[in-house]
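Protein chains: 2
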Amino acid sequence: MTIRYPNGNAYQAPATSAGPKFASHYTNYGKRGMTLEEELNQSNTYYQTHGLAVVHKKPTPIRIVKVDYPKRSAAVIKEAYFSTASTTDYNGVYQGHYLDFDAKETKNQASFPLKNFHQHQIDHMRACTAQGGICFAIIKFVSRQETYLYPATDLFTFWDDQTNGGRKSIPYTEIAASGIKLIAQLQLPVPYLNAVDQLLKR
Amino acid sequence: MTIRYPNGNAYQAPATSAGPKFASHYTNYGKRGMTLEEELNQSNTYYQTHGLAVVHKKPTPIRIVKVDYPKRSAAVIKEAYFSTASTTDYNGVYQGHYLDFDAKETKNQASFPLKNFHQHQIDHMRACTAQGGICFAIIKFVSRQETYLYPATDLFTFWDDQTNGGRKSIPYTEIAASGIKLIAQLQLPVPYLNAVDQLLKR
Numbered sequence: 007m008t009i010r011y012p013n014g015n016a017y018q019a020p021a022t023s024a025g026p027k028f029a030s031h032y033t034n035y036g037k038r039g040m041t042l043e044e045e046l047n048q049s050n051t052y053y054q055t056h057g058l059a060v061v062h063k064k065p066t067p068i069r070i071v072k073v074d075y076p077k078r079s080a081a082v083i084k085e086a087y088f089s090t091a092s093t094t095d096y097n098g099v100y101q102g103h104y105l106d107f108d109a110k111e112t113k114n115q116a117s118f119p120l121k122n123f124h125q126h127q128i129d130h131m132r133a134c135t136a137q138g139g140i141c142f143a144i145i146k147f148v149s150r151q152e153t154y155l156y157p158a159t160d161l162f163t164f165w166d167d168q169t170n171g172g173r174k175s176i177p178y179t180e181i182a183a184s185g186i187k188l189i190a191q192l193q194l195p196v197p198y199l200n201a202v203d204q205l206l207k208r
Numbered sequence: 007m008t009i010r011y012p013n014g015n016a017y018q019a020p021a022t023s024a025g026p027k028f029a030s031h032y033t034n035y036g037k038r039g040m041t042l043e044e045e046l047n048q049s050n051t052y053y054q055t056h057g058l059a060v061v062h063k064k065p066t067p068i069r070i071v072k073v074d075y076p077k078r079s080a081a082v083i084k085e086a087y088f089s090t091a092s093t094t095d096y097n098g099v100y101q102g103h104y105l106d107f108d109a110k111e112t113k114n115q116a117s118f119p120l121k122n123f124h125q126h127q128i129d130h131m132r133a134c135t136a137q138g139g140i141c142f143a144i145i146k147f148v149s150r151q152e153t154y155l156y157p158a159t160d161l162f163t164f165w166d167d168q169t170n171g172g173r174k175s176i177p178y179t180e181i182a183a184s185g186i187k188l189i190a191q192l193q194l195p196v197p198y199l200n201a202v203d204q205l206l207k208r
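Protein sequence lines correspond, in order, to chains G and X. Counting the first sequence from 1 gives a position; this note's numbering is that position plus 6. Counting the second sequence from 1 gives a position; this note's numbering is that position plus 6.
Here it is in structure tokens:
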């Protein structure tokens with residue numbers, strides 16, 4: 007149906023109308039702008055509200071030096087410093103399984119630099135794996151807009167190799183091959199439980 | 007053997023010699039003074055270093071308002087507030103099992119006041135239980151110097167009853183009967199894994 011102005015001229019939608027342009031702009035940049043942490047928070051909330059898993063990000067560890075207790079008000083922390091976590095950032099329970107993982111983004115296209123991990127995180131994942139926990143990394147190649155679940159056992163191999171003269175990064179091709187690609191679903195930007203199911207069958 | 011002074015008089019240890027008195031003082035007050043949190047940290051460290059379990063206390067959640075970044079120094083948090091956790095304080099993995107618990111002290115002798123728990127902690131433990139996690143409270147009666155592992159499912163019953171006109175606390179006798187008493191061992195102030203083993207057999 008042709009829409010006409012009061013003067014009889016036919017209305018033609020401009021090639022770049024404000025409405026759709028804004029919507030498309032919003033959608034693209036909205037998705038691009040979400041950090042991996044935000045994507046995981048949203049996914050964890052989805053999993054929890056649907057009774058599928060209970061996984062939380064741990065609070066950032068802080069070393070508190072000075073606290074004020076003003077009268078009739080909440081305590082105010084006046085001096086504190088960020089401290090280093092001794093564990094990974096995420097853990098929880100899924101159908102009786104203990105899950106433990108860390109999430110890392112890289113702007114690199116060709117590989118994931120191992121310096122994104124710290125020794126204590128690797129040690130923690132090794133200890134959890136030894137106890138029968140399911141450990142992995144969620145790695146996002148930001149420029150590719152691709153996210154993978156990468157099993158901790160594969161990560162350990164590359165981690166150990168680097169001290170034996172091995173490379174300081176994991177090739178993208180290796181992560182794409184041994185990892186499990188996480189393709190965003192509606193309300194579920196990082197559907198990692200599907201990948202955990204696959205991991206359990208390996 | 008009698009020890010003699012150069013003048014030939016026999017040495018007799020004073021009834022209250024400084025050495026043993028200090029040692030005994032230190033031991034007693036050291037044990038009495040340790041908070042349940044400190045006892046659990048020590049126990050968790052013992053379990054981890056012996057490869058028996060990986061359980062950590064989560065950092066206190068903080069809402070950061072203002073951070074300074076002085077040149078050549080670490081970032082300083084200048085204004086922040088304590089916020090409420092949405093989970094319990096402790097979780098981890100033990101022989102493939104997901105463990106989740108909170109630790110509470112009370113000075114009461116006869117009962118444990120339910121107001122020590124918050125709704126969100128109960129909700130969290132219910133969700134974890136539904137996923138097959140092992141959830142419980144570690145309750146210390148400070149004046150009795152007795153600590154119990156109390157199963158979350160029993161706690162849920164009392165929690166729900168209070169809103170139906172039930173009592174606002176759990177009697178000590180109930181906790182002593184349905185809970186599992188945790189008797190301190192060397193280097194292990196709160197040996198809760200033994201109790202978890204018993205819980206798994208129920």
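Note that beta-carbon positions come from the ideal geometry of N, C-alpha and C, so glycine has one too. Just so it is clear, the structure is predicted and the values come from calculations on it, not from any experiment.
- Contact between G:G172 and X:Q137 fails: their C-beta atoms lie close to 38 Å from each other, not under 8 Å.
- In the DSSP assignment, X:H62 is bridged to X:N97.
- Shown here for X:L46: same chain residues with a beta carbon closer than 6 Å to its own, the five before and five after excluded, namely A109, V196 in chain order.
- Nearest C-alpha to G:Q54 among G:V99, G:C141, G:S79: G:V99.
- Here X:L161 has A143 as same chain residues with Cβ atoms under 7 Å from its own Cβ, once five neighbours each way along the sequence are excluded.
- Under a criterion of Cβ atoms nearer than 7 Å, no residue of chain G is adjacent to X:I181; the nearest Cβ is some 25 Å distant.
- Assignment of X:L194 by DSSP, reduced to helix, strand and coil, places it in the strand class.
- The distance from the Cβ of G:P67 to that of G:A91 is about 5 Å, consistent with a contact at the 8 Å cut-off.
- Residue burial is scored here from C-beta neighbours: X:D203 has fewer than 16 other C-beta atoms within 10 angstroms and is therefore classed as exposed.
- In the DSSP assignment, X:F88 falls within the beta strand (DSSP E) that extends over 82-88.
- Classified as exposed, X:N170 has fewer than 16 neighbouring CB atoms from the shown chains inside 10 Å of its CB.
- The beta strand (DSSP E) runs of length 3 or more contained entirely in the region 161-205 of chain X are, from start to end of the chain, 175-177.
- Interface annotation, G:P197: not in contact with chain X, CB-CB separation never under 9 Å.
- With at least 16 other beta carbons inside 10 angstroms of its own, G:T135 counts as buried.
- Annotation for G:E85: V71, K72 place their beta carbon closer than 7 Å to its own, counting only its chain and skipping 5 residues before and after.
- X:A109 has X:I144 as its beta-bridge partners, per DSSP.
- As the crow flies, the alpha-carbon of X:I176 is around 12 Å from that of X:T112.
- When only Cα atoms are considered, X:K63 and X:A116 end up about 28 Å apart.
- In the three-state reduction of the DSSP assignment, X:T153 falls in the strand class, which pools E and B.
- Cβ neighbours of X:I83 within its own chain (closer than 7 Å, five residues either side excluded): I70, V73.
- In the DSSP assignment, G:F118 is bridged to G:I176.
- By the beta-carbon neighbour count (other beta carbons within 10 angstroms, threshold 16), G:L192 is exposed.
- Closest in C-alpha terms to G:A59, from the list G:H126, G:K207, G:N200, G:R208, comes G:N200.
- Rounded to the nearest whole angstrom, the C-alpha separation of X:M40 and X:V148 is 11 Å.
- In the displayed model, X:K72 falls within a strand according to three-state DSSP.
- If you look at G:R208, you'll find it isn't in any alpha helix (DSSP H); DSSP assigns it neither H nor E.
- In this structure, X:T153 lies away from X:H130, with their beta-carbon atoms at least 9 Å apart.
- Contact with chain G is absent for X:E44, since none of that chain's Cβ atoms lies less than 9 Å from the residue's Cβ.
- Taking a 10 Å sphere around the C-beta of G:I145, we find 16 or more other C-beta atoms and assign the residue as buried.
- Chain X places no beta carbon closer than 9 Å to that of G:Q125, leaving this residue out of the contacts.
- Chain-order list of chain X residues neighbouring G:F88: A80, A81, I83, by C-beta distance under 8 Å.
- Leaving aside the five residues that flank X:T179 on each side, none in its chain has a CB nearer than 6 Å to its CB.
- Among the residues of chain X, none has a CB under 8 Å from the CB of G:Y154; the nearest is roughly 23 Å distant.
- The alpha carbon of X:G185 has as its nearest neighbour, out of X:Y156, X:L206, X:T163, the alpha carbon of X:Y156.
- Shown here, G:H103 sits in a strand according to DSSP, grouped into three states.
- Between X:D166 and chain G, the shortest Cβ-Cβ separation is not below 9 Å.
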